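These protein sequences, in sequence, are chains P and X.
Residue 1 is where the first sequence starts when you use the UniProt record's numbering, and the numbers rise one by one after that.
Residue 1 is where the second sequence starts when you use the UniProt record's numbering, and the numbers rise one by one after that.
Beta carbons: idealized from backbone N, C-alpha and C, even for Gly.
Since the model is a prediction, treat every value here as computed from it, not as a measurement.
A short worksheet on the structure shown next.
Number of protein chains: 2
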Amino acid sequence: MKYLLCVLVGLLITRNKRISFENMSSLFVHSDTAMSPKITGELLRQLRQAMRNCKYFSEPIQAYIIPSGDAHQSEYIAPCDCRREFICGFNGSAGTAIVTEQHAAMWTDGRYFLQASQQMDNNWTLMKMGLKETPSQEDWLISVLPENSKVGVDPWIIAADQWKNMSKALISAGHSLVAVQDNLIDAVWTDRPERPSTQLRTLGLEYTGMSWQDKIVTLRAKMTERKISWFVATALDEIACTVKFSEIHYSLFTSATLLKSTMLFVDLKRLADPALRDHLQLGSPSKPELSIQTFPYESVYTELQAICAALGPKDKVWICDKASCALTQVIPKAHRTPIPYTPLCLSKAVKNATEIQGMKMAHIKDAVALCELFAWLEKEIPKGNVTEISAADKAEELRSQQKDFVGLSFPTISSVGPNGAIIHYRPLPETNRTLTMNEVYLIDSGAQYVDGTTDVTRTMHFGTPSAFEKECFTYVLKGHIAVSAAIFPNGTKGHLLDSFARAALWESGLDYLHGTGHGVGCFLNVHEGPCGISYKTFADEPLEAGMIVSDEPGYYEDGSFGIRLENVVLVVPAKPKYNYRNRGSLTFDPLTLVPIQIKMMNTELLTQKERDWVNEYHRKCREVIGAELERQGRKEALEWLIRETQPIV
Amino acid sequence: MKYLLCVLVGLLITRNKRISFENMSSLFVHSDTAMSPKITGELLRQLRQAMRNCKYFSEPIQAYIIPSGDAHQSEYIAPCDCRREFICGFNGSAGTAIVTEQHAAMWTDGRYFLQASQQMDNNWTLMKMGLKETPSQEDWLISVLPENSKVGVDPWIIAADQWKNMSKALISAGHSLVAVQDNLIDAVWTDRPERPSTQLRTLGLEYTGMSWQDKIVTLRAKMTERKISWFVATALDEIACTVKFSEIHYSLFTSATLLKSTMLFVDLKRLADPALRDHLQLGSPSKPELSIQTFPYESVYTELQAICAALGPKDKVWICDKASCALTQVIPKAHRTPIPYTPLCLSKAVKNATEIQGMKMAHIKDAVALCELFAWLEKEIPKGNVTEISAADKAEELRSQQKDFVGLSFPTISSVGPNGAIIHYRPLPETNRTLTMNEVYLIDSGAQYVDGTTDVTRTMHFGTPSAFEKECFTYVLKGHIAVSAAIFPNGTKGHLLDSFARAALWESGLDYLHGTGHGVGCFLNVHEGPCGISYKTFADEPLEAGMIVSDEPGYYEDGSFGIRLENVVLVVPAKPKYNYRNRGSLTFDPLTLVPIQIKMMNTELLTQKERDWVNEYHRKCREVIGAELERQGRKEALEWLIRETQPIV
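Dropping the structure here:
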């Protein structure tokens, strides 16, 4: 067993805007992020000066890449890491900016085309990923760069696999990709925020269903099986899940690194709490082989170097190919074994019985809050005082009344009319619209409860929807049902289900430019790998019973309205008539139990099977959520629920 | 323009069994291939001896890989190239054998599980690809090899990308992949057949719609765009399509290589025909920059070496990553630009108006022959004299009566009852079953006509099918219709449509272990890239109008029956109600017009939309094929057609 050591590396990257009840509206009041474009001329001049400055790299560089991640390729990042947003103004969760002497371009996907075009000024070209005419970053660079150019990037925030592909393409065109150790955005970012440093929390067995010691034992067994001597973990949710920390700010990122009968690299100030030290058994492990040693976060580079220097000729080190290029390259190639998904990522995706029970409870509480919200909206909207922001605040207030509420799982998307067409919209004072009886309202929101994470989207009309709005809503509903009710063989990858969600839209010439579903963590990241339902991925892992994903097709009519219908669903065994080659079948069981607005449906477009699905879903909402509303004595919401779950014919 | 030169490399690999009318049954009389297992103990002993013999490689090798391809990674190969079949007995079109000191294992996919298990003896382990528990070749090798092993392979028949992946995996486990120049199977294959050498043919503009000169000009324009100096083409159909040779034996493979204002490497004996020399303008080109120089096939290695030695520092050479490892490695890494699909492959896939017209004509003629066959079978089967072989012979005879018939496009799959469950079954004297009124009959067949290639599967019952047979047939039909009638956005990749074909089967716990569709060449390979409809691929190219693919879901009940329904369909623009982001929509138009047996349908399981589709399809069969049957005066077939195309209600 002595060769089976592992390394986990992490860094604090939680958002510094903690959502607390006393400070309810702080989420939406950003003076620096708006839907009007950011003026970037002077910033770009300074960045280009830095690109020419040999203080940062031995020669001038002709292009600089600004990825959107942090040193852990996290999705939700601390303000001090929002470098791509700082340089171009676009604040969506995905996007890469590239600045050359002459050009500035930013690549993002279909969820963000509208938002990015509104947030960036004329200095920037929006590169719409996924459209045929849009060049890849590599191809674009090759087409604009002078011969023999150097392209710089911060090696700590580019993933190793991205570095590899970019470098290969540039070399084949006579250019080179170079690592610039000092981040050039930081060099020109005078008022860059501090990195936050809050205490870490721990989670008990009643929530996790498995101790961190058992998780380490399981991990080591997989390492033994693959003859791996070391494992470097860098994804914060994987580390959090393993050592059972929980730090809750939208996404539960923790700072951590493990190595040698487990080493943990972390901002040591965050480990001051004696309960936490006790949880980790620091200093006094009951089983010495499961002890954890802690080290300052900054020392990971040198410690890993030292470890690698002492490797035997056959020692292999696992590291995710999405880990940072800088850390990956510390491991000599002969020892490095990059993997697309780590064993932690895979085991985290399949929820155990305790976690499933917790997720179910969290969704019941969440549905109670949403039923209350919708009952309240129905009453308040006619008065003309409800805005996108106040509706989002109300949703948060109602969620916060539920047991074990910790915070939101992501910034609430609360959008009316044309704002609904901005797929990842966040209401801001300058864009804030009032909810009326004339426009479609879309709310995509979720919370972290200690027992689970939620993510739900409902699209409602509080007056009379147009025939076109109803038509589109119904196609989206058909897609949602097609996925949710699908029966498929064990071992099917989620991307093979994506087209089911689109068939009805496609038939009418419509579509949506985002995936259909993502993995959902249990009191962890609201977006997690390695499973999902998206035409964009192929290397996703097969779905298995116990995995939890979202099912969220949509339709977006720019300048007019947005529709999305999202449930979180649990993968469960199905029992169809036959069982081909004993493979077994799977289907989905919705955890989200919030009525789908019947008023928005054109029921004539639904098949009998689809109508039956809607009625059965609403029956279950009434049964499960109705009972909880009753228990909590929330009468108005219960009445609303009963009204909204009448069977359709 | 002087830098825009190109190289094409090819080798004669046509089947030596020419299908001629005088020799109708020769196709099925193989004394050396049977459904009883091949005895391989002695062969394996000899191969292992060769593996230890330092005459072939400087050190003993511990494992030897036998891929199924030839030097051009062709699907249908000459008997002299059937090395994998020789060593293990399994004669399907896809499979890789690996022999170690202790073990012998063969990997193949779901189409061939049953066939392979019947053709291989106990010396061999069948590795069922696509099943979760089946290890990859790499993983298996790593699990069985002693430390520091050498794994040998013939570098001329392993594709460069396969070499790369295998080599990487072996190195990471402390082993190595080594190129053994002499093929070790050839070394133990005492009665290996001669390589065939027939004359090449040419195709006129009336069939191709574009001259080879124009194709070269188009190719060079793409090379200019991507700053490519040289292009090495090795896929025989790409070369045939470009220089407009046609050599017809199932698949139209020609031997060719082009380089420097076009060089062609070919068995020069095959260019003796003056008409052919004239077609290629050998010696007297009307435009010198389009002249072709011919070289002996064997000289490609040294010529390419000489060319590469003279490359300038910026010269880039395109070569498909599926080209042989040996030829790929001639090109120094700094100049080599591997591509997954060549521009020839892409342009070949999109048929021009002349080719589409030709394909339509070919399918009409083919349907005439099949209607005649089925009318004949209906009459003859009750007499008890029709066998799988005689039915296949009759199909060929009837096809051969049609204009411009050249040969079959692949060996006919004519299978009754349990033989139908062997997905790529070929009837042999020892397996030949008689067609009866009690069993399901499946015939998958096609022909090469000078104007186009066909591939069609029909499943029929000439008595009374069981309820289960009808149920399965109906699910397969539902899947076939779901794909054929699908409307999807421009730019959609075919693999995204694959699940449509399975949804109805999945719902009942059934499935089939092969892809749903493949590209179909126009008087070229019956299986061609880069488009298709399969869950197995991801890097397929998006479907576009003018592409032609098959739509062929199935269901196979081992030991009992097989069902498959296959049409060849043309990708055409669709005009749905809306046009999201002006992307445009596509759908499929069936080129195959042969009735689908109504007797096999459980019409109660069909939706109204599906019944409408069946009726409209049968109406078109009657209209188009009926007219041609009438014109050709084939009365019995016409009567059969009219009977089989009555509307269902």
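Cβ pair residue i, residue j closer than 8 Å
i	j	result
G546 (chain X)	K351 (chain X)	yes
V450 (chain X)	L370 (chain X)	no
A104 (chain P)	L184 (chain P)	no
C308 (chain X)	H335 (chain X)	yes
A367 (chain X)	G407 (chain X)	no
V416 (chain X)	Y441 (chain X)	yes
D237 (chain P)	Y56 (chain P)	no
F295 (chain X)	L264 (chain X)	yes
D540 (chain X)	V483 (chain X)	no
V180 (chain P)	G152 (chain P)	yes
L505 (chain P)	G479 (chain P)	yes
L219 (chain P)	P340 (chain P)	no
R270 (chain X)	L200 (chain X)	yes
C80 (chain X)	E194 (chain X)	yes
Neighbour list for residue i in chain P, Cβ cutoff strictly below 9 Å
i	result
I487 (chain X)	A503, W506, E507, S508, G509
L496 (chain X)	H495, L496, D498, S499, R502, Y535
Under the three-state DSSP convention, the category residue i falls into
i	result
N525 (chain P)	coil
Q401 (chain P)	coil
F410 (chain X)	coil
K222 (chain X)	helix
K168 (chain X)	helix
Y535 (chain P)	coil
H30 (chain X)	Model confidence at H30 (chain X) stands at a pLDDT of 31, short of 50, so the residue's coordinates are unreliable; what they give is reported in the following sentence. Residue state, collapsed to three classes: coil.
N23 (chain P)	Only weak support exists for where N23 (chain P) lies, its pLDDT of 25 falling under 50; the value from the coordinates is given anyway. The answer is helix: DSSP assigns N23 (chain P) an H, G or I state.
H363 (chain X)	helix
V594 (chain P)	coil
K348 (chain X)	helix
Q357 (chain X)	helix
T202 (chain P)	strand
Neighbouring residues, chain X, relative to residue i (Cβ below 8 Å)
i	result
P288 (chain P)	Going along chain X, no residue has its Cβ under 8 Å from P288 (chain P), so there is no contact; the nearest lies around 31 Å.
Partners in chain X for residue i, counting only beta-carbon separations shorter than 7 Å
i	result
K132 (chain P)	G491
Y341 (chain P)	Going along chain X, no residue has its Cβ under 7 Å from Y341 (chain P), so there is no contact; the nearest lies around 16 Å.
Y580 (chain P)	G509, L510, D511
K314 (chain P)	G174
F538 (chain P)	F538
Interface residues of chain P facing residue i [CB-CB closer than 7 Å]
i	result
K577 (chain X)	S508, G509
Y475 (chain X)	Simply none; closest approach about 10 Å.
T337 (chain X)	S172
Cross-chain neighbours of residue i in chain P, by beta carbon under 8 Å
i	result
S585 (chain X)	W506, G509
Neighbour flag for residue i against chain C, beta carbons, 8 Å
i	result
C371 (chain X)	Here the protein chains are P and X, and chain C is not one of them.
Query raised in the report: Three or more C-beta pairs closer than 8 Å, one from the region 423-430 of chain P and one from the region 371-385 of chain P: is that the case here?
Result: no
Query raised in the report: On the three-pair Cβ rule with 8 Å, is the region 326-341 of chain X touching the region 352-360 of chain X?
Result: no
**Report entry** Completely contained beta strand (DSSP E) runs for the region 478-530 of chain P, where each covers 3 or more residues
**Finding:** 517-519
Query raised in the report: If you pair each beta-carbon of the region 134-141 of chain P with each one of the region 164-174 of chain P, do three or more pairs fall below 8 Å?
Result: Yes, the region 134-141 of chain P is in contact with the region 164-174 of chain P.
Requested in this report: Please list the segments of the beta strand (DSSP E) lying wholly inside the region 281-342 of chain X, counting only runs of 3 or more residues, in order along the chain.
Outcome: 293-296, 317-320, 336-339
Query raised in the report: Would you say the region 573-588 of chain P touches the region 486-500 of chain P, given that touching needs at least three Cβ pairs under 8 Å?
Result: yes
Query raised in the report: At a cut of 8 Å, does the region 122-131 of chain X reach the region 300-316 of chain X through at least three beta carbon pairs?
Result: no
Requested in this report: Give a yes or no on contact between the region 397-414 of chain X and the region 531-540 of chain X, applying the rule of three or more CB pairs nearer than 8 Å.
Outcome: Taking a cut-off of 8 Å for Cβ pairs, the region 397-414 of chain X and the region 531-540 of chain X do not touch, as fewer than three such pairs fall below it.
Requested in this report: Specify whether the region 315-324 of chain P and the region 154-166 of chain P touch according to this definition: at least 3 beta carbon pairs, one from each stretch, less than 8 Å apart.
Outcome: A contact exists between the region 315-324 of chain P and the region 154-166 of chain P.
Query raised in the report: Where are the beta strand (DSSP E) runs, 3 residues long or more, that stay fully inside the UniProt domain "Creatinase N-terminal" (61-181) of chain P, in chain order?
Result: Listed in chain order, the complete beta strand (DSSP E) runs (minimum 3 residues) inside the UniProt domain "Creatinase N-terminal" (61-181) of chain P are 63-66, 96-100, 104-108, 125-128, 150-153, 176-179.
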